[in-house]
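Some notes on the structure that comes next.
In the working numbering, the protein residues as written are -10 to 168.
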(Lines of atoms letter the chains of each structure in order from A and count residues from 1; the text may use other names and numbers.)
(Lines give C-alpha, C1' and ligand atoms only; values in the text may rest on other atoms or scores of the structure.)
Protein backbone atom coordinates (compact mmCIF):
# COMPACT_ATOMS: atom_id res chain seq x y z
CA UNK A 1 0.00 0.00 0.00
CA UNK A 2 2.95 2.31 0.68
CA UNK A 3 3.97 2.10 -2.98
CA UNK A 4 0.48 3.06 -4.06
CA UNK A 5 0.73 6.34 -2.16
CA UNK A 6 3.54 7.30 -4.52
CA UNK A 7 1.06 7.33 -7.42
CA UNK A 8 -0.06 10.89 -6.68
CA UNK A 9 3.57 12.06 -6.63
CA UNK A 10 4.23 10.17 -9.83
CA UNK A 11 1.31 11.82 -11.59
CA UNK A 12 2.40 15.29 -10.55
CA UNK A 13 5.94 14.57 -11.76
CA UNK A 14 5.35 12.93 -15.13
CA UNK A 15 1.96 13.72 -16.59
CA UNK A 16 1.28 17.00 -18.32
CA UNK A 17 -1.55 19.00 -16.85
CA UNK A 18 -1.53 16.91 -13.69
CA UNK A 19 -4.36 18.95 -12.17
CA UNK A 20 -6.66 18.24 -15.11
CA UNK A 21 -5.76 14.55 -15.02
CA UNK A 22 -6.38 14.34 -11.28
CA UNK A 23 -9.87 15.79 -11.78
CA UNK A 24 -10.47 13.48 -14.72
CA UNK A 25 -9.54 10.10 -13.21
CA UNK A 26 -7.85 8.52 -10.26
CA UNK A 27 -5.18 5.85 -10.67
CA UNK A 28 -6.17 2.24 -10.21
CA UNK A 29 -3.53 -0.07 -8.80
CA UNK A 30 -3.07 -3.26 -10.82
CA UNK A 31 -0.78 -4.84 -8.24
CA UNK A 32 2.51 -4.95 -6.38
CA UNK A 33 5.22 -7.16 -7.85
CA UNK A 34 8.16 -7.40 -5.46
CA UNK A 35 9.94 -4.04 -5.89
CA UNK A 36 7.56 -2.77 -8.60
CA UNK A 37 3.98 -1.44 -8.65
CA UNK A 38 1.72 -1.43 -11.71
CA UNK A 39 -1.20 0.97 -12.21
CA UNK A 40 -3.55 2.44 -14.80
CA UNK A 41 -5.38 5.75 -15.14
CA UNK A 42 -7.48 7.57 -17.68
CA UNK A 43 -5.96 10.48 -19.58
CA UNK A 44 -8.06 12.28 -22.19
CA UNK A 45 -10.38 9.30 -22.57
CA UNK A 46 -7.44 6.94 -23.06
CA UNK A 47 -5.84 4.41 -20.73
CA UNK A 48 -2.30 5.07 -19.53
CA UNK A 49 -0.57 2.14 -17.85
CA UNK A 50 2.65 2.40 -15.91
CA UNK A 51 4.96 0.43 -13.65
CA UNK A 52 7.31 2.09 -11.20
CA UNK A 53 9.83 1.42 -8.46
CA UNK A 54 11.69 3.56 -5.98
CA UNK A 55 15.46 3.65 -5.70
CA UNK A 56 17.01 1.34 -3.13
CA UNK A 57 20.03 3.64 -2.93
CA UNK A 58 20.62 7.29 -3.93
CA UNK A 59 24.02 8.97 -3.60
CA UNK A 60 25.66 12.25 -4.53
CA UNK A 61 22.91 14.67 -3.48
CA UNK A 62 22.96 15.57 0.22
CA UNK A 63 19.57 15.30 1.93
CA UNK A 64 17.89 13.43 -0.94
CA UNK A 65 15.92 10.34 0.06
CA UNK A 66 15.95 7.23 -2.14
CA UNK A 67 12.17 7.11 -1.63
CA UNK A 68 11.85 10.28 -3.74
CA UNK A 69 13.68 8.76 -6.71
CA UNK A 70 11.65 6.64 -9.15
CA UNK A 71 12.10 4.64 -12.32
CA UNK A 72 8.93 4.43 -14.45
CA UNK A 73 7.87 2.54 -17.59
CA UNK A 74 4.69 3.85 -19.27
CA UNK A 75 2.39 2.56 -22.03
CA UNK A 76 0.29 5.22 -23.75
CA UNK A 77 -1.83 4.82 -26.88
CA UNK A 78 0.71 6.91 -28.81
CA UNK A 79 3.83 5.24 -27.37
CA UNK A 80 4.87 2.14 -25.48
CA UNK A 81 7.91 1.47 -23.34
CA UNK A 82 8.42 5.11 -22.39
CA UNK A 83 11.10 4.93 -19.69
CA UNK A 84 11.63 7.85 -17.31
CA UNK A 85 13.67 8.55 -14.21
CA UNK A 86 12.43 11.00 -11.57
CA UNK A 87 15.64 12.18 -9.88
CA UNK A 88 14.35 14.00 -6.81
CA UNK A 89 16.21 17.20 -7.83
CA UNK A 90 16.39 19.45 -10.90
CA UNK A 91 19.09 18.57 -13.42
CA UNK A 92 21.43 21.38 -14.51
CA UNK A 93 19.95 23.41 -17.42
CA UNK A 94 22.82 22.72 -19.83
CA UNK A 95 23.12 19.03 -19.03
CA UNK A 96 22.01 17.90 -22.53
CA UNK A 97 24.64 19.94 -24.42
CA UNK A 98 27.22 17.14 -24.64
CA UNK A 99 25.01 14.17 -25.42
CA UNK A 100 22.98 12.15 -22.97
CA UNK A 101 23.87 13.31 -19.46
CA UNK A 102 22.28 10.37 -17.63
CA UNK A 103 23.39 6.81 -18.24
CA UNK A 104 21.40 3.87 -16.91
CA UNK A 105 23.35 0.62 -16.75
CA UNK A 106 21.84 -2.86 -16.53
CA UNK A 107 24.51 -5.56 -16.46
CA UNK A 108 26.94 -4.67 -19.27
CA UNK A 109 24.40 -2.56 -21.23
CA UNK A 110 24.18 1.20 -20.87
CA UNK A 111 21.35 3.46 -22.07
CA UNK A 112 21.43 7.22 -22.66
CA UNK A 113 18.75 9.41 -21.08
CA UNK A 114 18.16 13.10 -21.87
CA UNK A 115 16.99 15.44 -19.13
CA UNK A 116 14.17 17.92 -18.64
CA UNK A 117 13.63 19.53 -15.26
CA UNK A 118 13.82 16.82 -12.60
CA UNK A 119 13.24 13.95 -15.06
CA UNK A 120 15.39 11.99 -17.48
CA UNK A 121 13.97 10.05 -20.43
CA UNK A 122 15.36 7.03 -22.28
CA UNK A 123 16.15 7.45 -25.96
CA UNK A 124 15.79 3.69 -26.49
CA UNK A 125 12.86 2.65 -24.33
CA UNK A 126 12.29 -0.74 -25.98
CA UNK A 127 15.94 -1.75 -25.51
CA UNK A 128 15.95 -0.51 -21.90
CA UNK A 129 12.80 -2.54 -21.14
CA UNK A 130 14.38 -5.68 -22.64
CA UNK A 131 17.41 -5.17 -20.38
CA UNK A 132 15.19 -4.54 -17.34
CA UNK A 133 13.40 -7.84 -18.00
CA UNK A 134 16.71 -9.73 -18.07
CA UNK A 135 18.53 -7.82 -15.32
CA UNK A 136 18.59 -7.75 -11.55
CA UNK A 137 19.34 -4.06 -10.97
CA UNK A 138 19.68 -0.78 -12.83
CA UNK A 139 22.14 1.95 -11.86
CA UNK A 140 21.60 5.52 -13.07
CA UNK A 141 24.43 8.06 -13.08
CA UNK A 142 24.10 11.71 -14.01
CA UNK A 143 25.01 15.26 -13.08
CA UNK A 144 24.23 16.37 -9.54
CA UNK A 145 22.37 19.65 -8.92
CA UNK A 146 24.15 22.74 -10.27
CA UNK A 147 26.52 20.42 -12.18
CA UNK A 148 28.59 19.85 -9.05
CA UNK A 149 29.67 16.23 -9.01
CA UNK A 150 27.74 13.13 -9.95
CA UNK A 151 24.59 11.57 -8.55
CA UNK A 152 23.78 7.87 -8.72
CA UNK A 153 20.67 5.84 -8.05
CA UNK A 154 20.28 2.07 -7.78
CA UNK A 155 16.98 0.33 -8.57
CA UNK A 156 15.97 -3.28 -8.01
CA UNK A 157 14.52 -4.95 -11.09
CA UNK A 158 13.00 -7.72 -8.98
CA UNK A 159 9.37 -8.03 -10.05
CA UNK A 160 9.78 -5.83 -13.14
CA UNK A 161 8.76 -8.55 -15.60
CA UNK A 162 5.53 -9.29 -13.72
CA UNK A 163 4.68 -5.57 -13.41
CA UNK A 164 5.46 -5.08 -17.10
CA UNK A 165 3.19 -8.00 -18.04
CA UNK A 166 0.40 -6.47 -15.93
CA UNK A 167 0.58 -3.10 -17.70
CA UNK A 168 0.95 -4.77 -21.11
CA UNK A 169 -2.18 -6.85 -20.48
CA UNK A 170 -4.16 -3.81 -19.29
CA UNK A 171 -2.92 -1.62 -22.17
CA UNK A 172 -2.25 -4.01 -25.07
CA UNK A 173 -0.29 -2.85 -28.11
CA UNK A 174 -2.55 -1.37 -30.78
CA UNK A 175 -5.55 -1.58 -28.47
CA UNK A 176 -6.23 2.15 -28.50
CA UNK A 177 -6.95 1.89 -24.80
CA UNK A 178 -10.35 3.64 -24.71
CA UNK A 179 -11.64 4.04 -21.20
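Backbone N, C-alpha and C define an ideal beta-carbon position, used for all residues, glycine too.
query                                                                                                                                                      : result
Would a check of beta-carbon distances place residue 67 closer than 8 Å to chain C?                                                                        : Any reference to chain C falls outside this structure, which holds one protein chain only.
Among 55, 69, 40, whose alpha-carbon lies nearest the alpha-carbon of residue 46?                                                                          : 55
Locate the alpha helix (DSSP H) running through residue 157, then write down its first and last residues.                                                  : 149 to 159
In the stretch 18 to 56, which residue ranges form an unbroken beta strand (DSSP E) of at least 3 residues, counting only runs that do not cross its ends? : 25 to 32, 35 to 43, 46 to 48
Given a threshold of 16 other Cβ atoms within 10 Å of its Cβ, counted over all protein chains shown, does residue 16 qualify as buried or as exposed?      : buried
Exposed or buried, residue 86, counting other C-beta atoms within 10 Å across all chains shown (16 or more means buried)?                                  : exposed
What distance in whole Å lies between the Cβ atoms of residue 49 and residue 127, which are believed to be in contact at a cut-off of 8 Å?                 : Not really, about 16 Å apart at Cβ, beyond 8 Å.
Let's see if you can read the secondary structure: which residues bound the beta strand (DSSP E) around residue 69?                                        : 68 to 75
Under the three-state reduction of DSSP, which class applies to residue 93: helix, strand or coil?                                                         : strand
In whole angstroms, what is the alpha-carbon distance linking residue 32 and residue 63?                                                                   : 13 Å
Where residue 40 and residue 156 are concerned, what is the direct C-alpha to C-alpha distance, given to the nearest angstrom?                             : 7 Å
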